[in-house]
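Each remark here refers to the structure printed beneath this line.
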Amino acid sequence: MSGNGYTADEMMSVAASRELRDGVVCFVGIGLPSEAANLARATHAPECSLIYESGTIGAKPEVLPLSIGDGELAENADSVVSVPEIFNYWLQAGRVDVGFLGAAQIDKFANINTTVIGEYDEPKVRLPGAGGAPEIAASAKEVIVMLRQSPRAFVEKLSFITSVGYADGGDARGKLGYPGSGPSVVITDFGVLRPDPETKELTLVGLHPGATIEAAKEATGWNLKVSDALETTAEPEERELRVLRELKERTEAARKAG
5 MSGNGYTADE MMSVAASREL RDGVVCFVGI GLPSEAANLA RATHAPECSL IYESGTIGAK
65 PEVLPLSIGD GELAENADSV VSVPEIFNYW LQAGRVDVGF LGAAQIDKFA NINTTVIGEY
125 DEPKVRLPGA GGAPEIAASA KEVIVMLRQS PRAFVEKLSF ITSVGYADGG DARGKLGYPG
185 SGPSVVITDF GVLRPDPETK ELTLVGLHPG ATIEAAKEAT GWNLKVSDAL ETTAEPEERE
245 LRVLRELKER TEAARKAG
């Protein structure tokens with residue numbers, strides 16, 4: 005908990021929500037991305053249209069979904085369509101402005117692993133898997149990634165590349181022919197990272213209040229580059245914290261009741 009009464013996770017969710025512009029079509033992942041996207045919709049981006057992999061368009065959940073198949077997503081959605089339509093008509097046809105993804109691991113070129121830790125055939129850990137993330141990472145006009153920063157999550161070399169960010173860096177993504185521009189930002193509990201315009205290596209461009217460069221570097225499995233114009237993230241506003249906490253309280257109450 006910070007001196008001003010909010011946690012690092014709350015700062016991360018608020019910072020991530022601010023990246024979402026009003027009026028965009030956003031393909032949302034479950035977990036932290038869903039929390040941040042719904043916070044944005046309930047505060048500064050009320051016209052943001054949230055799409056989930058299960059086929060819900062314009063989802064307006066009152067509580068955070070447990071999975072893409074959570075009935076809460078369909079109950080207040082503008083429309084529910086088939087999964088093939090979500091991917092073929094919306095995502096792969098270029099109708100999704102932002103893909104909002106989480107990850108288990110990420111490397112310095114914003115490639116994501118959600119498949120296995122260790123050898124694929126005999127993994128140390130079997131992760132949830134790809135789901136629609138590879139297609140979102142490939143086809144959304146831009147991608148926002150959100151995850152907690154630690155040496156186990158921010159690694160020099162991924163055990164498995166589930167979703168491509170910038171491949172080996174530079175113009176490697178372009179050579180693969182993906183229509184989307186790739187990850188524009190990675191939000192963590194320490195700060196904000198953006199790809200270098202030339203090399204595409206993730207660079208620390210913003211620190212959350214109370215975080216330090218040294219701590220961010222210690223939480224990274226490679227030699228983290230730091231911008232010369234490093235900024236400090238604006239602290240959460242009272243309304244942002246209130247809406248976020250009410251959302252999480254409703255979610256917890258619903259799960260206990262269920």
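Here my numbering = 1-based position in the sequence shown + 4.
Ideal Cβ placement from N, Cα and C applies to all residues, glycine included.
Give me the residue from GLU76, ALA46 and SER163 with the minimum Cα distance to GLU126.
Here residue 126 refers to the residue found at position 122 of the sequence shown. The shortest Cα separation from GLU126 among GLU76, ALA46 and SER163 belongs to SER163.
Alpha carbons only, please: which of MET150, VAL230 and GLU235 is nearest the one belonging to GLU23?
As a first step, residue 23 must be located in the sequence shown, where it is residue number 19. That would be MET150, whose Cα lies nearest to the Cα of GLU23.
Would you mind working out which of GLY178, LEU208, LEU36 and GLY62 sits nearest ASP232, comparing C-alpha positions?
Stepping through the sequence shown from its first residue, residue 232 is reached at position 228. The residue with the shortest Cα to Cα distance from ASP232 is LEU208.
Exposed or buried, which one is VAL129 when buried takes at least 16 other CB atoms within 10 Å?
Position 125 of the sequence shown, counted from the first residue, corresponds to residue 129. Per the 10 Å Cβ criterion, exposed.
In angstroms, rounded to a whole number, what distance separates the CA positions of ILE110 and VAL67?
The residue labelled residue 110 in the question sits at position 106 within the sequence shown. The residue labelled residue 67 in the question sits at position 63 within the sequence shown. Using only the alpha carbons, I get a separation of about 28 Å.
Relative to the C-alpha of ALA44, which candidate in PHE104, VAL159 and SER188 has its C-alpha closest?
Along the sequence shown, read from residue 1 onward, the residue named residue 44 stands at position 40. Ranking PHE104, VAL159 and SER188 by CA distance to the CA of ALA44 puts PHE104 first.
Which residues mark the beginning and the end of the beta strand (DSSP E) in which VAL196 is found?
Translated into positions along the sequence shown, residue 196 becomes position 192. For VAL196, the enclosing beta strand (DSSP E) begins and ends at 195 to 199.
Among residues of its own chain, excluding the 5 on either side of ALA258, which ones have a beta-carbon nearer than 7 Å to its beta-carbon?
Sequence index remark: in the sequence shown, residue 258 carries index 254 (1-based). Cβ within range, chain order: VAL67.
Taking the alpha-carbon positions, what's the ARG156 to VAL32 distance?
On the sequence shown, position 152 is the one that residue 156 refers to. On the sequence shown, position 28 is the one that residue 32 refers to. About 24 Å.
Locate the alpha helix (DSSP H) running through ALA12, then write down its first and last residues.
Position 8 of the sequence shown, counted from the start, is the residue given in the question as residue 12. 12 to 22 is the span of the alpha helix (DSSP H), which, as asked, contains ALA12.
Please state the DSSP three-state secondary structure of SER163.
Counted from its first residue, the sequence shown places residue 163 at position 159. DSSP places SER163 in coil when its eight states are reduced to three.
Output the residue ranges of the beta strand (DSSP E) runs that lie fully inside the stretch 95 to 181 and measure 3 residues or longer, sorted by chain position.
102 to 105, 120 to 122, 127 to 130 and 146 to 150
Would you decide whether LYS112 is buried or exposed? Buried here means 16 or more other CB atoms lie within 10 Å of its CB.
By one-based count along the sequence shown, residue 112 stands at place 108. Buried.
Between the Cα of GLY62 and the Cα atoms of HIS48, THR237 and VAL85, which residue gives the shortest distance?
Mapped onto the sequence shown, residue 62 falls at position 58. With distances taken between Cα atoms, GLY62 lies closest to VAL85.
For SER316 and GLU76, what's the separation of their Cα atoms in angstroms?
Coverage of the chain is limited to positions 5 through 262, which leaves residue 316 absent and any answer about it impossible.
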